[in-house]
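In the numbering used here, the protein residues as written are 41 to 329.
Cβ atoms here follow ideal geometry from the backbone N, Cα and C, with glycine treated the same way.
Here is the structure:
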């Protein structure tokens with residue numbers, strides 16, 4: 041039993057003949073006959089009484105048609121909802137992101153997207169990267185912005201590369217040369233650093249220092265990157281942060297490039313085994329452009 045067969049049966053019941061039903065459905069009369077014969081054979085009951093004056097529903101045929109009409113109406117409702125979604129009407133887009141990307145990357149992209157698709161309900165939640173992954177896995181977010189790489193559970197695309205910079209208090213900077221020049225390892229060795237506590241970027245910094253066999257003196261471990269920038273401005277130490285995490289950098293803080301560049305790759309992720317909705321597909325296009 042399929043939708044086409046049920047539609048043929050309902051149309052014959054309304055028209056009272058195979059020929060009129062075929063004309064209304066834009067089918068050949070033989071195709072209409074085959075559809076009914078196949079349906080009756082599958083159900084093993086006669087649904088129509090054929091005669092010289094046309095076709096009339098049997099008693100069971102009338103009951104089947106009543107249910108068939110409901111099925112066809114539900115099918116139309118499903119098609120209506122799907123077409124709304126494809127046209128991005130009354131659909132939703134749930135974004136999860138870590139703070140610096142949510143602050144500096146997403147607002148102009150969301151604004152651009154909503155100018156084009158004003159009927160999409162867009163929401164944004166901030167988490168740490170592990171929280172973004174969890175939101176995606178739980179179905180609480182449709183896409184997420186994360187540092188890359190991630191696990192194979194996700195399909196990802198690179199969006200931007202974010203340079204790690206050294207932050208120093210301008211009034212007490214123990215550096216040589218202009219601020220446009222990278223700082224040297226010797227200059228860094230004289231600094232005590234304020235690092236993010238339990239963050240992926242801190243792991244990257246420690247690994248980078250270890251790779252180049254450099255000492256890393258840590259004075260403070262702090263949870264919020266904005267707090268770190270304020271502490272640097274007060275002369276409490278230096279910091280190594282991705283530039284987006286450090287922004288806005290106050291006038292009292294000097295930003296210098298590392299002796300050997302270090303970057304974090306920021307990307308967008310969706311669950312690998314979940315087909316993206318039309319809203320997700322369109323927003324990915326905005327991000328990737």
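Within the present structure, is the beta-carbon of residue i separated from the nearest heavy atom of the ligand NAP by less than 8 Å?
i	result
residue 228	Inclusion of the ligand NAP in the displayed structure is not the case, the ligand content being empty and no account of it being possible.
Taking all protein chains shown into account, do 16 or more other C-beta atoms lie within 10 angstroms of the C-beta of residue i, making it buried, or fewer, making it exposed?
i	result
residue 294	buried
residue 269	buried
residue 115	exposed
residue 186	buried
residue 317	buried
Between which two residues does the alpha helix (DSSP H) containing residue i stretch?
i	result
residue 223	Run containing residue 223: none; DSSP gives neither H nor E here.
residue 246	240-251
residue 266	265-273
residue 323	318-328
Which value, in whole angstroms, describes the spacing of the CA atoms of residue i and residue j?
i	j	result
residue 47	residue 308	44 Å
residue 146	residue 276	32 Å
residue 284	residue 301	15 Å
residue 221	residue 321	41 Å
residue 319	residue 133	6 Å
residue 78	residue 65	17 Å
residue 248	residue 128	45 Å
residue 323	residue 45	39 Å
residue 333	residue 126	What is shown of the chain runs 41 to 329, which leaves residue 333 out entirely.
residue 56	residue 130	40 Å
What three-state label does DSSP hand residue i in the structure shown?
i	result
residue 213	With a pLDDT of 47 at residue 213, under the threshold of 50, the modelled position of that residue is not reliable, and the figure given next carries that caveat. Correct three-state label for residue 213: coil.
residue 143	helix
residue 160	coil
residue 258	strand
residue 53	helix
residue 172	helix
residue 279	strand
residue 194	strand
residue 128	coil
residue 187	strand
I need the boundaries of the beta strand (DSSP E) containing residue i, first residue and last residue.
i	result
residue 167	No beta strand (DSSP E) holds residue 167; DSSP gives it neither H nor E.
residue 308	303-311
residue 298	No beta strand (DSSP E) contains residue 298, which DSSP labels as neither H nor E.
Residue ranges of each alpha helix (DSSP H) run of no fewer than 4 residues wholly in the region 56-108, ordered along the chain? Counting only unbroken stretches of 4 or more residues, the alpha helix (DSSP H) elements lying wholly within the region 56-108 are 58-65 and 69-83, in sequence order.
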